[in-house]
Amino acid sequence: MAKIKPSKGAPYARILGVGGYRPTRVVPNEVILETIDSSDEWIRSRSGIETRHWANDEETVAAMSIEASGKAIADAGISAEQIGGVIVSTVSHFKQTPAVATEIADKLGTAKAAAFDISAGCAGFGYGLTLAKGMIVEGSAEYVLVIGVERLSDLTDLEDRATAFLFGDGAGAVVVGPAQEPAIGPTVWGSEGDKSETIKQTVPWTDYRSGEVAKFPAIAQEGQAVFRWAVFEMAKVAKEALDAAGISAEDLDVFIPHQANERIIDSMVKTLKLPESVTVARDVRTTGNTSAASIPLAMERLLATGEAKSGDTALVIGFGAGLVYAATVVTLP
Ligand SMILES: CC(C)(COP(=O)(O)OP(=O)(O)OC[C@H]1O[C@@H](n2cnc3c(N)ncnc32)[C@H](O)[C@@H]1OP(=O)(O)O)[C@@H](O)C(=O)NCCC(=O)NCCS
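Heads up, the numbering used here is the position in the sequence shown plus 92, with the first residue counted as 1.
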């Protein structure tokens, strides 16, 4: 048997830069009320959402990703040619093949970076980050771009009271690179496919094509079931991620949960007994739920506003359709 040389990577990985893109059109709750029987007060009190962004024809999944990535690359202080991997997490890119990651890798000017898409719903950023860390430590790339991007407005049934107000569009990106000290903790992740019915596309594309259903597919959910799962189960996963990283709630500077609903965020803060000193991301108020994009977008905003700073210790946790989840502790770029 021939002896195979082991691959050689960096000792550790860290997030080096972050960037975000929010579509130019800001959509207030009033617009949502044109198609569902609700009220601004109800939407705000049940979800925390005041506005969200909806993409126009030019703000495609690729275009938004390229904008966010350009900022992340500049923030990291590297050049696009140094990027060896591009991972795009999305559920709302409407072209099945090729992966949109390849177009993004090309347009950014990477040197033929390995590029692929993943589908892990609202946990997509954490899944991508974990893969990126593995690639860097294993040695198959020095720098990896992780993008979370969604055009959920394309997959929203504006007549569905349970979801019409929830979703938004946008892209968030981070550059992950080599580090001499641990800066991305162990990931606590998993899936609960037995609950796959709680958040899902209404019907397969083929049912729409065949005319079996007249309405374009959209994302539907059992709001209360998802809410309960997020509140009870995800706080446990977040605690496991803290334990895995060997830190306590008191050591945290920042908490960046998936921006699904502000009441879920409030409940997790309480269950985790986070001290007042911990900055909590509440980007959901003005960005809505952007699934895979929500964590990097929230991270970018906290750093841009000065609410968080480089070097802060942050707990990130994503959860959603699958059901899937991923939580880890990171050092902010
Ligand atoms: C969607 C969500 C905000 C709904 O809130 P809820 O408190 O569970 O609402 P319910 O479906 O139990 O309905 C409660 C009442 O509000 C009403 N209601 C439902 N949707 C409404 C709307 N859009 N506007 C006004 N009233 C509404 C219901 O008819 C019901 O009225 P009733 O008490 O008279 O019967 C909430 O379930 C939620 O946030 N779930 C998690 C969603 C999420 O984060 N998903 C993504 C995870 S990745």
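Where a beta carbon is used, it is the ideal one built from N, C-alpha and C, also for glycine. Since this is a predicted model, take the numbers as computed values, not measurements.
Below 8 Å, how does it come out for the region 178-193 and the region 224-244: are there three or more Cβ pairs, yes or no? Counting C-beta pairs closer than 8 Å gives three or more between the region 178-193 and the region 224-244, which meets the contact rule.
Bridge partners for Ile291 per DSSP, in chain order? Paired residue(s): Gln313.
What residues in its chain sit with their C-beta under 8 Å from that of Lys199, if we drop five residues either side in the sequence? Sequence-distant Cβ neighbours of Lys199 in its own chain, meaning closer than 8 Å and more than five residues away, are Ala154, Ile158.
To the nearest angstrom, how far is the alpha carbon of Ala390 from that of Gln351? Whole-angstrom Cα-Cα distance: 8 Å.
Rounding to the nearest angstrom, what Cα-Cα distance links Ala160 and Glu195 in this structure? Taking the straight line joining both Cα atoms gives about 14 Å.
Going by other Cβ atoms of all chains shown within 10 Å of its Cβ, with 16 needed for buried, is Val305 buried or exposed? Val305 is exposed by the Cβ-count criterion.
Assuming the contact rule is C-beta atoms closer than 8 Å, Val229 and Ala102 should be a hit. Round their C-beta distance to whole Å, please. Contact flag correct, Cβ pair sits at about 6 Å.
With DSSP run on the structure shown, which of helix, strand or coil describes Pro388? In the structure shown, Pro388 sits in a helix (DSSP, three-state: H, G or I).
Give the DSSP-derived three-state secondary structure of Ala352 in the structure shown. Secondary structure of Ala352 (DSSP, three-state): coil.
Is Ile387 near ligand 1, judged by its Cβ being under 8 Å from some heavy atom? Ile387 Cβ: outside cutoff for every heavy atom of ligand 1.
Cβ atoms of Ile170 and Ala203: under 9 Å apart, would you say? Result no, Cβ atoms of Ala203 and Ile170 do not sit closer than 9 Å.
DSSP state of Leu394, grouped into three classes? Helix.
To the nearest angstrom, report how far apart Ala271 and Ile409 are at their CA atoms. Computed Cα separation, rounded: 22 Å.
Bounding residues of the beta strand (DSSP E) (the contiguous stretch that carries Ala271): Here the beta strand (DSSP E) through Ala271 covers 261-271.
Identify which residue in Glu242, Trp281, Val192 has its Cα closest to the Cα of Gly380. Closest in C-alpha terms to Gly380, from the list Glu242, Trp281, Val192, comes Glu242.
On the DSSP bridge list, what partners appear for Pro120? Beta-bridge pairing links Pro120 to Thr143.
Which partner residues of Phe347 appear in the DSSP bridge assignment? Paired residues: Val372, Leu407.
Tell me, which residues are paired with Tyr104 by DSSP? Per DSSP, Ala271.
Determine, using beta carbons only, whether Thr341 and Lys365 come nearer to each other than 9 Å. According to the sequence provided, residue 341 is Ala. The question's Thr does not apply to it. In contact: Ala341 and Lys365 (Cβ atoms closer than 9 Å).
Would you report the Cα separation of Lys292 and Ala312, rounded to the nearest angstrom? Approximately 6 Å between the Cα atoms of the pair.
Candidates Ser302, Trp321, Tyr300, Lys307: closest to Lys287 by CA position: Among Ser302, Trp321, Tyr300, Lys307, the Cα nearest to that of Lys287 is on Trp321.
DSSP three-state assignment for Gly169, whether helix, strand or coil: In the three-state reduction of the DSSP assignment, Gly169 falls in the coil class, being assigned neither a helical nor a strand state.
Which residue marks the beginning of the alpha helix (DSSP H) containing Phe217, and which one marks its end? According to the DSSP assignment, Phe217 belongs to the alpha helix (DSSP H) that extends over 216-230.
Please tell me whether Gly216 and Ile165 are closer than 9 Å, where the distance is taken between their beta carbons. When the beta-carbon positions are compared, Gly216 and Ile165 stay at least 9 Å from each other.
Excluding the 5 residues flanking Glu273 on each side, which residues of the same chain have their C-beta closer than 7 Å to its C-beta? Excluding its 5 nearest sequence neighbours in each direction, Glu273 has C-beta neighbours in its own chain below 7 Å: Tyr104, listed in chain order.
Does ligand 1 have even one heavy atom less than 8 Å from the beta-carbon of Ala413? Ala413: yes, Cβ under 8 Å from ligand 1.
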